[in-house]
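First the structure, in the form of structure tokens, and then the observations on it.
Number of protein chains: 2
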Amino acid sequence: MNRKIRLEYLKRKIMTAADAASLIKNGMTVATSGFTPSGYPKAVPLALAKRAEEGEEIKINLITGASVGDELDGALSRSNVIDKRYPYQTNDSLRNRINDGLIGFQDLHLSHVPQMLDYGFFGKIDMAIVEALAITEEGGIIPTTSVGLTPQAINNAEGIIIEINTAQPKELEGIHDIYITEKPPNRRPIPILHPKDRIGTTSIPCDISKIKAIIYTDIPDNVRPLGGIDEASKRISEYIIDFFNFEVKQGRLPKELLPLQSGVGSIANAVLGGLVDSKFYNLTCYTEVIQDSMFDLIDEGKVLMASGTALTPSIEGFKRLYDRMDFYRKHCILRPMEISNHPEVIRRLGVIAMNTAIEADIYGHVNSTMIAGSRMMNGIGGSGDFTRNGYFSIFTTHSTAKGGNISSIVPKVAHVDHTEHDVSVIVTEQGLADLRGTSPRERARKIIRNCAHPQYRDLLYDYLERAEKGFYRHQPQIIHEALSWHTRYLNTGSMKK
Amino acid sequence: MNRKIRLEYLKRKIMTAADAASLIKNGMTVATSGFTPSGYPKAVPLALAKRAEEGEEIKINLITGASVGDELDGALSRSNVIDKRYPYQTNDSLRNRINDGLIGFQDLHLSHVPQMLDYGFFGKIDMAIVEALAITEEGGIIPTTSVGLTPQAINNAEGIIIEINTAQPKELEGIHDIYITEKPPNRRPIPILHPKDRIGTTSIPCDISKIKAIIYTDIPDNVRPLGGIDEASKRISEYIIDFFNFEVKQGRLPKELLPLQSGVGSIANAVLGGLVDSKFYNLTCYTEVIQDSMFDLIDEGKVLMASGTALTPSIEGFKRLYDRMDFYRKHCILRPMEISNHPEVIRRLGVIAMNTAIEADIYGHVNSTMIAGSRMMNGIGGSGDFTRNGYFSIFTTHSTAKGGNISSIVPKVAHVDHTEHDVSVIVTEQGLADLRGTSPRERARKIIRNCAHPQYRDLLYDYLERAEKGFYRHQPQIIHEALSWHTRYLNTGSMKK
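Residue numbers (the UniProt record's numbering), protein chains in the order written: chain W, 1 to 497; chain U, 1 to 497.
Have a look at this one:
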């Protein structure tokens, strides 16, 4: 194990996970590594949960890069350790407690979180818990399968606990590119001109006097099974690829396209997967999460470089990735989420943003976070960072959910995460609506005709036409009826009349 | 007049406004100079309106920097020349036609519009009409009181009509800093590190072979009277200055603050005006529009440098500005709106965003554009550019409108322009709510307690408490009642019960 801690002095900090966990006190604010179920601390949170289960009163505010695995979010939720949680989550135990009103959750743009740590907007950060591959001779922390906000956690925390994870492949060393911005008024341009550009170091500089504990663990990343690719997602992918072809023909996109961003999940995976069989070559990605279909694109030589902040394989993709890490390391860069999601870089590169909607309305607003406007699913994540600053922004969704009882195209979304000013294109398995240059009423007709499921089209036209008879005809609404589809669903289990 | 056209060859292009207007044909897409009632073309639009009034069938799509004066938006609306309009407006005649459904309007983030011209998202740009102070020996166009999207209009239009406005003070020459970005994938960092940085040229490079007409005019900018500063706006300003003081004490802002952005209008003017009597010195501004109160701050030596894309004095401020242009030119820079509103620069500088809301809801969503979700006021303008990318974002509004019949704090806004993920602080004359780090329910109590008018507080608490008894308690809503305050207002003329 010697090469894991290359600075002799630090070996005296090695202890058990239980001893390290005892450094976390009631009322602390804790920031951790981890982005998706990748690279998050595991052993110390499990030990902390155990203490709480044994009856100790302990509550913390928890800040992570994004969602993390069950050993952190799940175990600490079930043991009632989490008081407040930022900025994103996907864990069932945690989500249920948020929706029961037991855990306070603030849903934040991921690009904002690292700088909010730097700015002191979360108050004092008592402890950072970060998973590491190794600690270098200079005291640099080498991350594992994600970077997330680890640099800012390390910089801003008063104490640091390091989990060296021996289950992570040593070939990860060198994949990271750590670049840290100054605070205003001393910030300088971020010198990325292409997704392949490396601008930083391969480990995170760390004030080693702050390291309070080092523990060893071999718990693997708790990755999830791959969702199957359904016919509807395949069709969505085809519409998007047709759209890309059209834009290239019109001279509005270069033939290698522009760097692609793709959200997490099965539709997103299918959309990227569709590119494997397309005629596009020499693609690049500037995204958050590098998923299975990206490895296919790299294998096929379609994608030259994928820049992200996390490697997030499925259970099925896990072995393949780990077996060939030496190969994938040449085609992937893991950056801090501040950089992977940075508006400056996204806008400069002209990233094509592709994200998933829960629902969209006829005027092009998108709900990404809350069912019926109240029930939190995961959060906005990085979708806003890319949507707002990209070359254009595409949202995908199946046209219906719950066996057809929910229409994903509604008169008015119950919660707005992306506004009409931000959304360029909406795609369902029914078709694609290009909203660029459209007035609200043009937009409504395009979305209903191209994206809504046929069984809801007449109902949507009926709403639009009656609204257009009202007094204000720019973006016509029948305000007392605008959310009635959601009310009907809550009352009857269906949006159908 | 010789020094206005410094390139001999171009003098043969001089003609009357009527002859120049005859180059505009039915169905054309026209992009013009102008941002607020500053620096927009006047004589050619008036001549064009005259043709239409005389019976000629002529419709155009009109793209400007932001709002413009009545000679352009008003005259062309009243003569039914405008078919579609982008991206912002404040003219009564135009607004009424938009709300009557007679003109198609797309409301866009101002930072997006220049690049959308470059990307071809508006289709072919047939003609640019731009007001100029002069044309240089190299064929460069020197703008007047605004820059807006003039560089992109000139670059992308097939033909160019230039209005040389002899009423604009010649001392404007040198105030502009023209920097034009490449298209992706060839974009480079924008090298602004401080609001005072000049990175470009003082005129806009122009392919002079595209110049179809040059006309002379002396119609002045159609500036508006200064709205009085009421007591409520003064109180809002005081709350914000207290907040700045607190943030400086907490070490979260430097004592010179960070560059300020302030929206247009009387509250915005009051907020900046309040700084004249504050203890703050050595301030800078990185904003869109330089208004009267900025001249006060410059006179007092409080503001060292104001960077914007338009000088927008009131009628009262007009003479003062024009009389001392030589002085103000040393303290102001006018940039293209692509740069004044650029996410890269706004985030790098850490701009403090201050904008006005029509209404805000208890969970921190802000409506900036549409009364009751349908009636367009002006548009989102640059508020999203600054809100989304600034150090933090402040929204101001009076707590009530229409003599108390409208509460500006509602259970749910009728249109969302800025989401809960984007809004840091809400201020009314009742107080200030700092939303950083808050869960939705914490936010609701802060906003009701600190910002709502006392006569609406109990009604808002009642809604919140009943909603909290529902099934989903993250962001509790009673979905069939969420917009009932707007319905009540539309039905009874008051939100009161």
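Beta carbons are placed, not taken as given, at the ideal position from N, Cα and C, and that holds for glycine.
Paired residues, beta bridge with residue i - DSSP
i, result
"K84/W", "N61/W, G104/W"
"G308/U", "L334/U"
"L432/W", "V427/W"
"R375/U", "I371/U"
"S407/W", "T400/W"
"V416/W", "Partner(s): none; V416/W has no beta bridge."
"C285/U", "L260/U, A306/U"
"I178/W", "T201/W"
"S146/U", "A310/U"
Cβ-Cβ distance between residue i and residue j below 8 Å
i, j, result
"P313/U", "L321/U", "yes"
"T287/U", "V130/U", "no"
"G308/U", "I290/U", "yes"
"A357/U", "F395/U", "yes"
"K212/W", "L23/W", "yes"
"T166/U", "R6/U", "no"
"V416/W", "F243/W", "no"
"F105/U", "M376/U", "yes"
"residue 507/U", "P41/U", "The requested residue 507/U is not part of the displayed model; chain U covers only 1 to 497."
"I409/U", "A360/U", "yes"
"P254/U", "P185/W", "yes"
"H365/U", "H418/U", "yes"
"N269/U", "I204/U", "no"
"V427/W", "L435/W", "no"
Closest Cα partner of residue i within the set the options
i, options, result
"D118/U", "L76/U, V81/U, T181/U", "T181/U"
"Q89/U", "T29/U, G382/U, L483/U", "G382/U"
"K249/U", "G120/W, S494/W, K319/W, T428/W", "G120/W"
"L72/W", "H109/W, I371/W, V30/W, E56/W", "V30/W"
"I208/W", "V289/W, T356/W, G159/W", "G159/W"
"A134/U", "S307/U, G148/U, I215/U", "I215/U"
"D83/U", "E338/U, I58/U, A47/U, S22/U", "I58/U"
"A52/U", "K42/U, R78/U, G65/U, G39/U", "R78/U"
"V276/U", "S237/U, Q261/U, D221/U, Y40/U", "S237/U"
"K279/W", "G301/W, I154/W, P87/W, C206/W", "G301/W"
"N389/W", "I406/U, Q430/U, N341/U, F243/U", "N341/U"
"M325/W", "V351/W, K170/W, V345/W, Y281/W", "K170/W"
"L10/U", "M127/U, E138/U, M116/U, I63/U", "E138/U"
"G27/W", "N80/W, L7/W, T400/W", "N80/W"
"G263/W", "S293/W, I162/W, D100/W", "S293/W"
"residue 522/U", "T487/W, V423/W, Y472/W", "The question about residue 522/U has no answer here: the residues shown for chain U are numbered 1 through 497."
"K183/W", "H421/U, V351/U, L460/U", "V351/U"
"C285/W", "E256/W, I267/W, Y463/W, A401/W", "E256/W"
"A310/W", "I14/W, S38/W, T16/W, A21/W", "S38/W"
"I98/U", "M15/W, S439/W, R97/W, K319/W", "S439/W"
Span separating the alpha-carbon of residue i from that of residue j
i, j, result
"P411/W", "A467/W", "10 Å"
"E316/W", "A49/W", "29 Å"
"T201/U", "H176/U", "7 Å"
"M127/U", "I154/U", "9 Å"
"L110/W", "Y86/W", "10 Å"
"S393/U", "K4/W", "44 Å"
"I333/U", "Y239/U", "29 Å"
"G373/W", "M495/W", "15 Å"
"S233/U", "L226/U", "14 Å"
"I63/W", "P114/W", "10 Å"
"G379/W", "R445/U", "22 Å"
"L349/W", "T145/W", "24 Å"
"L432/W", "C451/W", "6 Å"
"H480/W", "A18/U", "50 Å"
"D323/W", "D462/W", "56 Å"
"I199/U", "Y179/U", "7 Å"
"N2/U", "N222/U", "Since pLDDT at N2/U reaches only 49, below the 50 mark, its modelled position is unreliable, and the value read off the structure follows with that caveat. If I take the Cα positions, the gap works out to 26 Å."
Distance between beta carbons of residue j and residue i, contact taken as under 8 Å
i, j, result
"A353/U", "Q261/U", "5 Å"
"A66/U", "F35/U", "5 Å"
"I362/W", "I478/W", "Contact doesn't hold; Cβ gap of about 12 Å is too wide."
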